[in-house]
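Beneath this line is the structure, given in C-alpha cells, with notes to follow.
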Amino acid sequence: MKRLLAFAPAAIFVLVLVGFAVGLRRDPTLLPSMMIGKPVPAFNLPPVRPSDALSGRGGLATDQLSGEPVMLNVFASWCVACRVEHPMLMRLKEQGVTIHGLDWKDEPADGAGWLAERGDPYARVGNDRTGRAGIDLGVSGVPETFVIDRKGRVRYRHVGAISVEDWNRKLEPLLARLRAES
Amino acid sequence: MAAEVGQFALILAFVLAMVQTVTPLWGAHRGDPVLMALGRTATILQAGFVILAFGCLAASYLLCDFSVALVAAHSHTLQPAVYRFAATWGSHEGSMLLWVLILAVYGAGVAIFGRTLRETLQARVLGVQGLIGVAFLGFLIFTSNPFLRLDPAPLEGTELNPLLQDPGLVMHPPMLYMGYVGFSVSFAFAIAALIEGRVDAAWARWVRPWVLAAWAPLTAGITLGSCWSYYVLGWGGWWFWDPVENASLMPWILGTALLHSALVLERRGALVTWTILLCILTFSLSLVGTFLVRSGILTSVHAFAVDPQRGIYILGIIALTTGVALALFGWRSPQLKTGALFAPLSREGGITLNNLFLTALAATVFLGTFSPVFVEILRGDKISVGPPYYARTFAPLAIPLLLISPFGPMLNWKRDELARLVRRLRVPAGIAAAVLLVALVTVGWRMMLTAGALALAAWLVAGALAILGRRWWAGRAELGRTIRATPIALYGLVMAHAGLGLLTLGIASVTAWESDKVLTMHPGDKVAFAGRTLTLDALGPVEGPNYQAHQARFLIEGRGGPYKLTSERRMYASSQTQTTIAGIHVSPAGNFYVSVGDVQDGGGVVVRLWDHPLIMWIWVGGFTMALGGLVSLSDRRLRLGAPSRVMVRSPAAATTAAAE
Numbered sequence: 000m001k002r003l004l005a006f007a008p009a010a011i012f013v014l015v016l017v018g019f020a021v022g023l024r025r026d027p028t029l030l031p032s033m034m035i036g037k038p039v040p041a042f043n044l045p046p047v048r049p050s051d052a053l054s055g056r057g058g059l060a061t062d063q064l065s066g067e068p069v070m071l072n073v074f075a076s077w078c079v080a081c082r083v084e085h086p087m088l089m090r091l092k093e094q095g096v097t098i099h100g101l102d103w104k105d106e107p108a109d110g111a112g113w114l115a116e117r118g119d120p121y122a123r124v125g126n127d128r129t130g131r132a133g134i135d136l137g138v139s140g141v142p143e144t145f146v147i148d149r150k151g152r153v154r155y156r157h158v159g160a161i162s163v164e165d166w167n168r169k170l171e172p173l174l175a176r177l178r179a180e181s
Numbered sequence: 000m001a002a003e004v005g006q007f008a009l010i011l012a013f014v015l016a017m018v019q020t021v022t023p024l025w026g027a028h029r030g031d032p033v034l035m036a037l038g039r040t041a042t043i044l045q046a047g048f049v050i051l052a053f054g055c056l057a058a059s060y061l062l063c064d065f066s067v068a069l070v071a072a073h074s075h076t077l078q079p080a081v082y083r084f085a086a087t088w089g090s091h092e093g094s095m096l097l098w099v100l101i102l103a104v105y106g107a108g109v110a111i112f113g114r115t116l117r118e119t120l121q122a123r124v125l126g127v128q129g130l131i132g133v134a135f136l137g138f139l140i141f142t143s144n145p146f147l148r149l150d151p152a153p154l155e156g157t158e159l160n161p162l163l164q165d166p167g168l169v170m171h172p173p174m175l176y177m178g179y180v181g182f183s184v185s186f187a188f189a190i191a192a193l194i195e196g197r198v199d200a201a202w203a204r205w206v207r208p209w210v211l212a213a214w215a216p217l218t219a220g221i222t223l224g225s226c227w228s229y230y231v232l233g234w235g236g237w238w239f240w241d242p243v244e245n246a247s248l249m250p251w252i253l254g255t256a257l258l259h260s261a262l263v264l265e266r267r268g269a270l271v272t273w274t275i276l277l278c279i280l281t282f283s284l285s286l287v288g289t290f291l292v293r294s295g296i297l298t299s300v301h302a303f304a305v306d307p308q309r310g311i312y313i314l315g316i317i318a319l320t321t322g323v324a325l326a327l328f329g330w331r332s333p334q335l336k337t338g339a340l341f342a343p344l345s346r347e348g349g350i351t352l353n354n355l356f357l358t359a360l361a362a363t364v365f366l367g368t369f370s371p372v373f374v375e376i377l378r379g380d381k382i383s384v385g386p387p388y389y390a391r392t393f394a395p396l397a398i399p400l401l402l403i404s405p406f407g408p409m410l411n412w413k414r415d416e417l418a419r420l421v422r423r424l425r426v427p428a429g430i431a432a433a434v435l436l437v438a439l440v441t442v443g444w445r446m447m448l449t450a451g452a453l454a455l456a457a458w459l460v461a462g463a464l465a466i467l468g469r470r471w472w473a474g475r476a477e478l479g480r481t482i483r484a485t486p487i488a489l490y491g492l493v494m495a496h497a498g499l500g501l502l503t504l505g506i507a508s509v510t511a512w513e514s515d516k517v518l519t520m521h522p523g524d525k526v527a528f529a530g531r532t533l534t535l536d537a538l539g540p541v542e543g544p545n546y547q548a549h550q551a552r553f554l555i556e557g558r559g560g561p562y563k564l565t566s567e568r569r570m571y572a573s574s575q576t577q578t579t580i581a582g583i584h585v586s587p588a589g590n591f592y593v594s595v596g597d598v599q600d601g602g603g604v605v606v607r608l609w610d611h612p613l614i615m616w617i618w619v620g621g622f623t624m625a626l627g628g629l630v631s632l633s634d635r636r637l638r639l640g641a642p643s644r645v646m647v648r649s650p651a652a653a654t655t656a657a658a659e
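These protein sequences, in sequence, are chains H and A.
With numbering that gives the first Met the number 0 applied, the first sequence corresponds to residues 0 to 181, in that order.
With numbering that gives the first Met the number 0 applied, the second sequence corresponds to residues 0 to 659, in that order.
Shown next as C-alpha cells:
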C-alpha cells in the first residue's frame, strides 16, 4: 500500500502533463473551424452606456453587425490585458474604424465606468452579463476581436490585445479586402 | 566580436555541463574521488563560461551592437544606459540566459562551499544540477539563441517595451529567477538523497540554507513586481491574480512550506519523505512558472512572444525532470527511514498543520490558474477564472493559517501542553483583543471583518515580537548576555512572521477603505476627494530622452498636505506604445494616487484619483519577510552547516535549541 501511495504524485503529474500537452497543441489563436464564414450567432444585448438606455438606442444586436465590414471587440472592465489594448482601440476610432463592443461577463455599471474613464472607442456596445453571447461566439478569454463582413459573417478572430503590428499586418488589410467584396 | 565569443562560451558551457552531469554521478557510483573532483572543476568552469557569455550579451547591449538581432529588437541608442543593460534580460532569450547564469552560479556555490559535505552526496547534487544545466543550455542554444546576427545590421534598434523601462524592473527578473533557480539546489539534493536512499542530519542541515537563499530573493522579487505594477501600470492595484503572478506565487507558497518542513527534518529527523516531495514539487512549479510565460498556453500581459515550439521544449524539460524525480520518489522513498514520532501538540505538529494549509493554498492557486485549460479539454467549455474565485477560496484558507502562525514558534519540540502554550501567548492575545475592541468601536459593527483583519495583523506582529520577549524575559537576570546570545536566525524568524502581520494590515486596510474617483479636469479646476482638495495646476507637453509626454501637475491641500504631484501620459515613438506614470504621494498612513488619461478635445484631461490607506505596509511587509530570510541565512550555524561543529553542543547552544 505504502509503495503504491509513493507513486501517487507521479501518477497525478502524468495527468497534469497530458493536460498541458493537449492545451499546448490547441492553438489559442485559431478560430474553431466551424465558426469561420458562419453568421454571427443571434443575440440581442442590453446597453452598457446609460445614454443608450435613456435614449432607447439599445445595446448591440446581431442584425446591427451587417451592412459594412466591422470589428467586434470583446472586453471587460475586470480584464487586465484590455487596459493594454484600449489606447489602440481609441486610435483606431480616430482613424474612423467602426468597432462594436461586447462587454463580456461584466456588470453594466462597471462597463459604463470603464468607458467613461478611459474613453469610448465603440460605435455600439452591448452587455453580455451571463457570458452566453460570448460563448456562442467561441470567446476563450478577453480581449478578443472578431472581424465581420458585410453579410454579418465571422471572417477572422484575433485573440489577445491588438498591437500596432497586428493591425498593420492582418486586420487592416483584411478589412480593406472585405470592403472591396460586393 | 563579442557575440561570437559569447556564442562560443555558451557552447563550451554546454559541453562542460555534460561533463558536470556524467563524471560526478559516475564517480559517486564507483566511489572514485578523481572523477568526483573532475565534476567540481567542470561545475566551476561551466559557471565561468556562462558568466562570460552573459557578459558578452550585456556588452553588446551596452555598446548598441545592432548587428546582434536580439539587441536590435530590444534596444535603442536613446534608451538610457541602465535600461540598455537591463534589456539584456528583457527578452525571452536574454532572460533564459539569465536563468542559466543563476543556475551555473548556484552550482558553483555548491561546488565551492560544499567542501564539508559528504563527497558522494556533493557529487550527486552537482550531477543533477549539471543535468538541469544541460537541458536549459540546450534549450538556449537550439531554440533561443541570443547571439544570432542580423545582416545587414540596422542603424537603429526597436526599443525595449517602455513598461519595462523602470528601475523596479531592472531588479525584478533577477530576484525572481534567483528564487526559481535557487530551488533547483534543494531539488538536486532531494534527487541525490533518493539515489543514495538515505537522508541524514547533514543533508537536512545543508538543504535549509539553500532553500532560504532561494526563498528570500523570491519573496523580494514578488514584492517588487507588485510594487512595480502598482506605480507603473497606473491601475491602482497591487495584485491581479494574473496567471504569471500566480506562477510566481505557487513556488513561493510551496517554498514556504519547504522552509518549515526542512526545519523539522533538521531538528527532529521527521517529515523525511514529505520534505523530499516538497523539494521536487517546489522546483517543478518554478519550472512551470518559466514555462507558462513562454508557451502561450494562457494569455497574460506578462507573456513573451508566443512560440509553441519553445513551449514544447520546456514542457519536455518539465516532463523529464519532474517525471523522473517523481518516479524515483515512488521507487525509493518507501525505503527511506521514517523519522521520529511527535505528539500532535508540538512544534512538529504545528509545522505539519502549517504545511497542510500551505499545500492546500498552492493547490487552490494551481487549480485557479490552470482550470481554464483543463475544463476546456474535458468539457469543451470555455471558462474564465477571475478574482472572485480567489476571494472565495484563497482567503478562507489563508486566514486560519495566519491565525495559527504565532503558535508555531511558541511550541516546544516533541510535545507541549495547551494550557502552557496559551499562557505563553497571553500578551499578544491581549493586544489583539484590544485592537479588535478599539477597531470595532471606531469602525462599527458593520465592518466587523475589517476589524477582525486588523486584530489579526496585530496578533501576528505581537506574536512575532513575543518570541524575543519570551526569551529575553526568561533571561532577564542577565539581560545583556541573553541578548548577545540570541541567535541571529531568531531575529530572522521574528522579522518574517512580523512581516506577515504588516502585509495583513496593508491588505485589510486597502480592501476595506480604498476609494477612487474619475473625472475630467481642465487647468485650474478644483475637486474635493478623500479629505483633500486637488487642483490641476498645469497641463502641458514634456519631452523625455526617448518619449514625448503630456504632463499634468497637481496641487493637493488638506490631509497630509500641501504637496505637489505630477502624472504623465508617455508616448514612446519608436515602439508606438503609451504608458502612464502615476503621481503618488507615499506616506505610512496611506498613499494618494493620481493618474491621467488622454487629453480630450476640449482641452480637458481624464483624471483618476485613488485613496489607498496604509497600502505601503503591503510592500514593507513583503520586504521585511525577505529581509528576515536573509538575516536567518547570515546565521553562522546555518552557513557552516558542517555536522562536526554542531555535534559539540555548548550549554548555550542547547538552550538555544530548546527555545526555538
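Backbone N, C-alpha and C define an ideal beta-carbon position, used for all residues, glycine too.
Spatial neighbours of P49/H within its chain, please: CB distance less than 8 Å, with the 5 preceding and 5 following residues excluded, ordered by chain position. In the first sequence, counting from the first residue as 1, residue 49/H sits at position 50. Only A111 meet the Cβ criterion.
Would you say Q78/A lies against chain H (beta-carbon separation less than 8 Å)? Taking the first residue of the second sequence as position 1, residue 78/A is located at position 79. With its beta carbon at least 8 Å from every one in chain H, Q78/A lies outside the interface.
Quick one: what does DSSP say M662/A is sitting in, helix, strand or coil? Residue 662/A lies beyond the range of chain A shown here (0 to 659); nothing can be said about it.
Check whether G18/H and V73/H have beta carbons under 8 Å apart: In the first sequence, residue 18/H corresponds to position 19, counting from 1. In the first sequence, residue 73/H corresponds to position 74, counting from 1. Their beta carbons are not under 8 Å apart, which means G18/H does not touch V73/H by this criterion.
Just list the residues that DSSP pairs E567/A with in beta bridges. Mapped onto the second sequence, residue 567/A falls at position 568. Paired residues: Q550/A, I580/A.
Taking 7 Å as the limit between beta carbons, can you name the residues of its chain near C78/H, skipping five residues before and five after? In the first sequence, counting from the first residue as 1, residue 78/H sits at position 79. In the same chain as C78/H, and ignoring 5 residues on each side of it, the C-beta atoms closer than 7 Å to its own belong to V141, P142, in chain order.
Partner residues on chain A for V92/H, Cβ-Cβ distance less than 9 Å: Looking up residue 92/H in the first sequence gives position 93. Looking at the sequence itself, residue 92/H is Lys, so the reference to Val does not match. None at all; the shortest Cβ gap to chain A is about 11 Å.
Taking the beta carbon of G589/A as the centre, do at least 16 other beta carbons fall within 10 Å, making it buried, or is it exposed? As a position in the second sequence, residue 589/A is number 590, starting the count at 1. So G589/A counts as buried.
Chain H contact residues for T321/A, given Cβ-Cβ distances below 7 Å: In the second sequence, residue 321/A corresponds to position 322, counting from 1. Result: F12.
Can you find a C-beta in chain H that's less than 8 Å from the C-beta of G254/A? By 1-based counting over the second sequence, the position of residue 254/A is 255. It does not: the Cβ of G254/A has no partner Cβ on chain H nearer than 8 Å.
Is P208/A close to chain H? Criterion is C-beta to C-beta, closer than 8 Å. Position 209 of the second sequence, counted from the start, is the residue given in the question as residue 208/A. No - not a single Cβ of chain H is within 8 Å of the one on P208/A.
Whole angstroms are fine: how far does the CA of W618/A sit from the CA of H611/A? Residue numbering aside, residue 611/A sits at position 612 when the second sequence is read from its first letter. Residue numbering aside, residue 618/A sits at position 619 when the second sequence is read from its first letter. Spanning the two alpha carbons is a distance of roughly 13 Å.
Secondary structure, alpha helix (DSSP H): runs of 4+ residues fully inside the stretch 303-356 of chain A: 307-331
Member of L44/H, N167/H, G36/H, T129/H whose CA lies at the smallest distance from the CA of G57/H: Position 58 of the first sequence, counted from the start, is the residue given in the question as residue 57/H. Distance check between G57/H and each of L44/H, N167/H, G36/H, T129/H places L44/H closest, using alpha-carbon atoms only.
Going along chain H in order, which residues have a C-beta closer than 7 Å to the C-beta of Q577/A? The sequence position of residue 577/A within the second sequence is 578, counting from 1. Result: P86.
Helix, strand or coil at K92/H [DSSP, three-state]: Within the first sequence, the letter at position 93 stands for residue 92/H. Helix, per DSSP.
Would you check if the distance between the CB atom of D524/A and the CB atom of L538/A is smaller than 8 Å? For the purposes of this step, residue 524/A is taken as the residue at position 525 of the second sequence. For the purposes of this step, residue 538/A is taken as the residue at position 539 of the second sequence. No, Cβ-Cβ distance for D524/A and L538/A is not below 8 Å.
Since A132/H meets chain A, which of its residues come closer than 8 Å, beta carbon to beta carbon? In the first sequence, the residue the question calls residue 132/H occupies position 133. The contacting residues do not exist; A132/H stays about 13 Å from chain A at best.
I need the straight-line Cα distance from T97/H to W273/A, nearest angstrom please. As a position in the first sequence, residue 97/H is number 98, starting the count at 1. As a position in the second sequence, residue 273/A is number 274, starting the count at 1. Spanning the two alpha carbons is a distance of roughly 59 Å.
Given this structure, state the Cα-to-Cα distance separating H301/A from F135/A, to the nearest angstrom. Counting from 1 along the second sequence, the entry for residue 301/A is found at position 302. Counting from 1 along the second sequence, the entry for residue 135/A is found at position 136. In this predicted model, H301/A has a pLDDT of only 47, less than 50, meaning its place in the structure is not dependable; the value taken from the coordinates is given anyway. The alpha-carbon of H301/A is positioned some 21 Å away from that of F135/A.
Option in L410/A, L501/A, M174/A, T363/A with minimal Cα separation from P587/A: Taking the first residue of the second sequence as 1, we reach residue 587/A at position 588. Ranking L410/A, L501/A, M174/A, T363/A by Cα distance to P587/A puts L501/A first.
I'd like to know whether the C-beta atoms of V33/A and V99/A end up nearer to each other than 8 Å. Locating residue 33/A in the second sequence gives position 34, where the first residue counts as 1. Locating residue 99/A in the second sequence gives position 100, where the first residue counts as 1. Result no, Cβ atoms of V33/A and V99/A do not sit closer than 8 Å.
First through last residue of the beta strand (DSSP E) which encompasses R83/A: Position 84 of the second sequence holds residue 83/A. Where R83/A is concerned, there is no enclosing beta strand (DSSP E), although the alpha helix (DSSP H) it sits in stretches over 80-85.
Which residues, in order along the stretch 597-612 of chain A, keep a beta-carbon less than 7 Å from a beta-carbon of chain H? The stretch 597-612 of chain A vs chain H, Cβ under 7 Å: D597, V605, R607.
Just by C-beta distance, which residues in the stretch 70-83 of chain H are closer than 8 Å to chain A? W77, V79, A80, R82, V83
Per DSSP, the bridge partner or partners of K525/A: Walking along the second sequence from the start, residue 525/A turns up at place 526. Answer is T534/A, bridged to K525/A.
Nearest-angstrom Cα separation, counted from I466/A out to L276/A: Here residue 276/A is taken as the residue at index 277 of the second sequence, counted from 1. Here residue 466/A is taken as the residue at index 467 of the second sequence, counted from 1. The alpha-carbon atoms of L276/A and I466/A are separated by roughly 30 Å.
Under 8 Å between C-beta atoms, does G498/A make it to chain H? Locating residue 498/A in the second sequence gives position 499, where the first residue counts as 1. Judged by the 8 Å Cβ criterion, G498/A is not in contact with chain H.
Give the residues of chain A in contact with L16/H, contact being defined as C-beta atoms less than 9 Å apart. What you label residue 16/H is simply residue 17 of the first sequence in a count that begins at 1. Under the 9 Å cutoff, chain A gives L314, I317, A318, T321, G322.
Best match in P38/H, D127/H, P172/H, V83/H for proximity to D62/H [C-alpha to C-alpha]: Taking the first residue of the first sequence as position 1, residue 62/H is located at position 63. Cα-wise, what sits closest to D62/H is P38/H.
Within 10 Å of its beta-carbon, does R531/A have 16 or more other beta-carbons around it, so buried, or fewer, so exposed? Walking along the second sequence from the start, residue 531/A turns up at place 532. So R531/A ends up on the buried side.
With the cut-off set at 8 Å, would you say T76/A and C63/A are in Cβ contact? Counting from 1 along the second sequence, the entry for residue 76/A is found at position 77. Counting from 1 along the second sequence, the entry for residue 63/A is found at position 64. Contact: yes.
Hey, is S332/A's beta-carbon within less than 8 Å of any beta-carbon in chain H? Your numbering for residue 332/A matches position 333 in the second sequence. Among the residues facing chain H, S332/A is included, as its CB has a counterpart in that chain under 8 Å away.
Are the C-beta of F6/H and some C-beta of chain A separated by less than 8 Å? Position 7 of the first sequence, counted from the first residue, corresponds to residue 6/H. Yes, because at least one Cβ of chain A sits closer than 8 Å to the Cβ of F6/H.
Supposed close pair Q284/A, I316/A - CB separation, criterion 8 Å: Locating residue 284/A in the second sequence gives position 285, where the first residue counts as 1. Locating residue 316/A in the second sequence gives position 317, where the first residue counts as 1. Strictly speaking, residue 284/A in this sequence is Leu, with Gln absent from that position. The Cβ separation is near 14 Å, so there is no contact.
Would T503/A pass as a contact of L455/A if the rule is Cβ separation under 8 Å? Position 504 of the second sequence, counted from the start, is the residue given in the question as residue 503/A. Position 456 of the second sequence, counted from the start, is the residue given in the question as residue 455/A. For T503/A and L455/A, yes; Cβs fall inside 8 Å.
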